[in-house]
Every structure is written in structure tokens, then in C-alpha cells.
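Using our numbering, read the sequence shown as starting at 193 and increasing by one per residue. Backbone N, C-alpha and C define an ideal beta-carbon position, used for all residues, glycine too. These notes are about the structure you will find just below.
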Amino acid sequence: MTPVHLAGTRLVLREVEPEDTAALLAIYGNPEATRHLSFEPRTRDQVQGIVDRSITSAKGTARSEYCLAITPPGEHRLIGYARLATEPQRAATVGFALNPAEWGKGLGTETVHCCARSASRSSACTGYGLHARHSTRHPRTPFCVRA
């Protein structure tokens, strides 16, 4: 396994670690943070399962899913979670969730751009060489308009 480390101007994407459970629970267990997502708030056990699956996925040799912690540059604390899943048709899906304290700062847009750059070129993340991009957002998420 080659660990993924993608750096943007205001964030870094790194592999998820066991110590990320509490910070991810602060997002996935928060009704405000999940109101624009496709699921209800998660329990601690459910979030622990997500962290465990993310770590297991990162150990795979032929990865089709990248579950990454979003952190501020120079810090290790998780402020968000991103997922890039590749598909056989040379396509990919990107999703992310941020702690509400980080909303409105352009970090969602930067997360999508980092994932898209990585997926569209041969890289440590995918090597898929994806050529087309398509994105959607929740219609009531005003901060994501430019992503």
C-alpha cells in the first residue's frame, strides 16, 4: 500500500486512522452536519465501522475506493471526510462531509478539486486517468455551488 497524501492550498487529504473516530463522530453523529447528506446521524459504533472499513480499504492493492481524512495543513486533526470511488467506466464519484465549524470557507470545493486532479492523472491515489467530470450537490447547500 502507498499511503495517499494530497495537499491543497488550505487542506490536506490523508488516509483515515483509528484515532479519527471521535472527530468523524463529531461530523457523522451531528444532525446539522448530516442534514445535507443522504443519511441520518450515525452512532459511535456505526462511525467506528466506517473508520475500520476505511483502514481496511486502504490496505488493498487494487483499490477502487479512497476514504480520506480532511485536515488543515500542518495539523493532523480530522475536520472532514472525503470518499473517492472509481468505477469500471473510467468514472469516479466524490463525496465529502465537513465539520459545520469549517463550512463556508471553500474547503468542500478544494476537497473536490484535489480529488478530481488526483483521479484525472496517473497518481498515487488512483492512476485511473479519468477524463470526464460530473458533480451534483444537495440543492439546499449554498456553500457548494462552486464545487
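Relative to the Cα of Pro265, the nearest Cα in the group Arg227, Ala277, Glu302 and Tyr258 belongs to Glu302. Around the beta carbon of Asp244, fewer than 16 other beta carbons lie within 10 angstroms, which makes this residue exposed. Using a 10 angstroms sphere on the CB of Glu207, the tally of other CB atoms reaches 16 or more, which defines it as buried.
Excluding the 5 residues flanking it on each side, Leu260 has same chain C-beta neighbours closer than 7 angstroms at Val196, Leu205, Arg206, Glu207, Val208 and Ala274, in chain order. When Glu267, Tyr220 and Glu257 are compared, the shortest CA-CA separation from Thr235 is found for Tyr220.
Ala254 sits in coil when the DSSP states are folded into three classes, being neither helix nor strand.
When only Cα atoms are considered, Asn222 and Ala250 end up about 26 angstroms apart.
Nearest to Ile247 by C-alpha distance, out of Ala225, Asp212 and Arg269, is Asp212.
The beta-bridge partner set that DSSP reports for Gly287 consists of Arg275. For Glu224 and Pro292, the gap between their C-alpha atoms comes out near 7 angstroms. Here the C-alpha atom of Ala214 lies approximately 14 angstroms from the C-alpha atom of Leu290.
Within the same chain, and ignoring the five residues on either side of Cys306 in sequence, the residues whose Cβ sits closer than 7 angstroms to its Cβ are Leu198, Gly200 and Leu205.
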